[in-house]
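Below is one structure; the comments refer to it alone.
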Amino acid sequence: MTDGHASSLETGDAPALPEDVDDVRDALISWYEADHRDFPWRRTDDPYEILVSEVMSQQTQLGRVVEAWEDFLDEWPTAADLAAADRSDVVSFWSGHSLGYNNRAKYLHEAARQVIEEYDGEFPRSPDELSELMGVGPYTANAVASFAFNNGDAVVDTNVKRVLHRAFDVPDDDDAFERVAQFAMPEGESKVWNNAIMELGGVACEKTPTCDESGCPWRRWCHAYETGDFTAPDVPTQPSFEGSRRQFRGRVVRTLGEYDELELDELGPRIRVDYGGDYGREWLRELVSDLSADGLVNVEKRDDDTVVRLRE
Ligand code: SF4
497 MTDGHASSLE TGDAPALPED VDDVRDALIS WYEADHRDFP WRRTDDPYEI LVSEVMSQQT
557 QLGRVVEAWE DFLDEWPTAA DLAAADRSDV VSFWSGHSLG YNNRAKYLHE AARQVIEEYD
617 GEFPRSPDEL SELMGVGPYT ANAVASFAFN NGDAVVDTNV KRVLHRAFDV PDDDDAFERV
677 AQFAMPEGES KVWNNAIMEL GGVACEKTPT CDESGCPWRR WCHAYETGDF TAPDVPTQPS
737 FEGSRRQFRG RVVRTLGEYD ELELDELGPR IRVDYGGDYG REWLRELVSD LSADGLVNVE
797 KRDDDTVVRL RE
């Protein structure tokens, strides 16, 4: 059975992943491994440290979590230390670092106690068991199972949905997202995979995507990149005009780099598969005249044609 067949079976009535799904997976993992934001909790596989980072990140921007996370672990380096702490100290730490609802501090403290008292100090390893801990919902349980034990399911959060919707045209339907996300994840690789796809959603496939600037590894398969439609479940209207326009400007320049010159109707289909209609000659003429005003291309009228070439 080929990957293509396997994908359409496994994803049910959700769209099948590309035939070369292994290349899709490798491309994302290589992109992530070559360069990614270096959060300190990405360097540990200690479940306690990861749980603390996950609970803190629920309401606080990642950049600000770093300092709080480090301070917290200085204060209570292990689950046993936290379990032995006074709850009021944990709560004051939480409010002192503006980490959002104090209940999260209480739950975290309680979860540490559970680990010590009910699990003999050993964190459970599966998402199901981890969900038994106080305040640990399915998302956090899966994150800890993935990042500490490489034993999680595919994460499906808003960022991942946005990526899957754009890249593979997955409809806005939770079951479809679950199926496609789970199938896309290589078996037994939840740690690197979940980090990688969340990184893609966090630095490249943001609400206004930066496909080219971020060197998105999925451009060659991506449905949105092909069609220029970058809407997503959490981006109901086309993201900022400049965002997608920049993409097409980049594509015009790259395409012209491969040809001496092209007439508008030759250039159009090479930069968007849906060239024509709303995105036809007039749209392209405007795009290339902007590029011409910026000194990047020459636009020349010849009889009834408009010919574009890169400026020397
Ligand atoms: S090519 Fe762009 S839209 Fe597609 S997955 Fe990459 S960043 Fe997202």
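Residue 497 is where the sequence shown starts when you use this note's numbering, and the numbers rise one by one after that.
C-beta: ideal position from N, C-alpha, C; glycine also.
Note that the coordinates shown come from a computational prediction; the quantities given were computed from them, not determined experimentally.
Selected residue, minimal CA-CA separation from residue i, among the options
i, options, result
"Asp624", "Gly724, Gly633, Gly617, Asp616", "Gly633"
"Ala530", "Ala692, Glu613, Asp616", "Ala692"
"Val769", "Asp790, Ser788, Glu754, Arg747", "Arg747"
"Pro705", "Cys718, Glu685, Phe726, Glu722", "Phe726"
"Gly698", "Arg742, Arg533, Val520", "Arg533"
"Val562", "Gly684, Glu614, Ala581, Trp537", "Trp537"
"Lys703", "Ala523, Ala680, Asp730, Gly724", "Asp730"
"Arg658", "Pro735, Asn646, Phe568, Gly684", "Pro735"
"Asn794", "Gly773, Gly753, Tyr771, Glu778", "Gly753"
"Ala494", "Ala608, Glu628, Leu595", "Any property of residue 494 remains undetermined from this structure, which presents the chain solely from 497 to 808."
"Met681", "Val656, Asp668, Glu778", "Val656"
"Leu787", "Asp799, Arg741, Glu762, Pro667", "Arg741"
"Asp518", "Gly773, Leu780, Trp717", "Trp717"
"Leu780", "Gln610, Asp761, Arg583", "Asp761"
"Asp774", "Met552, Thr723, Tyr755, Arg805", "Thr723"
"Val651", "Ser686, Ala672, Ala663", "Ser686"
"Arg715", "Ala663, Ser553, Phe535", "Ala663"
Three-state secondary structure (DSSP) of residue i
i, result
"Leu505", "Model confidence at Leu505 stands at a pLDDT of 40, short of 50, so the residue's coordinates are unreliable and nothing is read from them."
"Asp499", "With a pLDDT of 37 at Asp499, under the threshold of 50, the modelled position of that residue is not reliable, and no figure is offered here."
"Lys703", "coil"
"Gly753", "helix"
"Glu628", "coil"
"Val803", "strand"
"Asn690", "helix"
"Glu796", "strand"
"Val731", "strand"
"Tyr635", "helix"
"Ser788", "helix"
"Glu674", "helix"
"Tyr775", "strand"
"Glu759", "strand"
"Val611", "helix"
"Gly648", "coil"
"Glu782", "helix"
"Pro573", "coil"
"Ala580", "helix"
"Ser523", "Note that residue 523 is Ala in the sequence shown here, rather than Ser. In the structure shown, Ala523 sits in a helix (DSSP, three-state: H, G or I)."
"Asp653", "coil"
"Met552", "helix"
"Asp585", "helix"
"Ala530", "helix"
Contact belief for residue i with residue j at Cβ below 8 Å, rounded distance in angstroms
i, j, result
"Glu757", "Ala639", "Not quite, the Cβ-Cβ distance comes to about 52 Å (not below 8 Å), so this is no contact."
"Phe589", "Glu566", "Not a contact, Cβ separation roughly 12 Å."
"Leu783", "Arg745", "7 Å"
"Leu604", "Val676", "Between Val676 and Leu604 the Cβ distance is about 32 Å, and since that is not below 8 Å, they are no contact."
"Asn646", "Gly684", "7 Å"
"Asp649", "Gln678", "6 Å"
"Gly596", "Gln557", "Contact doesn't hold; Cβ gap of about 11 Å is too wide."
"Asp670", "His661", "Asp670 to His661, Cβ: 12 Å. No contact."
Spatial neighbours of residue i in its chain, beta-carbon cut-off 8 Å, leaving aside the 5 residues before and after
i, result
"Tyr528", "Val688, Asn691, Ala692, Glu695, Leu696"
"Gly711", "Trp527, Ala700"
"Gly791", "Arg807"
"Leu569", "Glu545, Val548"
"Val749", "Leu787, Leu792, Val793, Leu806"
Neighbourhood of residue i by C-beta, 6 Å cutoff - its chain only, sequence neighbours within 5 removed
i, result
"Gly776", "none"
"His719", "Asp665"
"Val587", "Asn598, Ala601"
"Val803", "Glu757, Glu759, Glu796"
"Arg766", "Thr751"
"Glu606", "Met630"
"Ala644", "Asp541, Pro543, Ile546"
"Tyr771", "Gly764, Pro765"
"Ala523", "Pro713"
"His593", "Ala564"
"Arg521", "Pro682"
"Ala583", "Note that residue 583 is Arg in the sequence shown, not Ala. Correct list, in chain order: His605."
Contacts around residue i, its chain only, beta-carbon distance under 7 Å, and the 5 residues preceding and following it disregarded
i, result
"Leu626", "Pro620, Val632, Ala637, Val640, Ala641"
"Ile612", "Ala575, Ala576, Ala579"
"Ser591", "Asn598"
"Gly500", "Because Gly500 carries a pLDDT of 38, less than 50, the predicted location of this residue cannot be relied on, and the following value inherits that uncertainty. Hits under 7 Å: Ala512, Glu515."
"Asp708", "Gln743, Gly746"
"Thr733", "Thr727"
"Ser785", "Val795"
Residue i CB to nearest heavy atom of the ligand PLP below 7 Å
i, result
"Gly791", "Inclusion of the ligand PLP in the displayed structure is not the case, the ligand content consisting of the ligand SF4 alone."
Chain-ordered residues, beta carbon under 7 Å from a heavy atom of the ligand SF4: Ordered along the chain, residues surrounding the ligand SF4 are Val659, Arg662, Ala663, Leu696, Ala700, Cys701, Pro705, Thr706, Cys707, Ser710, Cys712, Trp714, Arg715, Cys718, Ala720, Tyr721, Phe726 [Cβ under 7 Å from any heavy atom].
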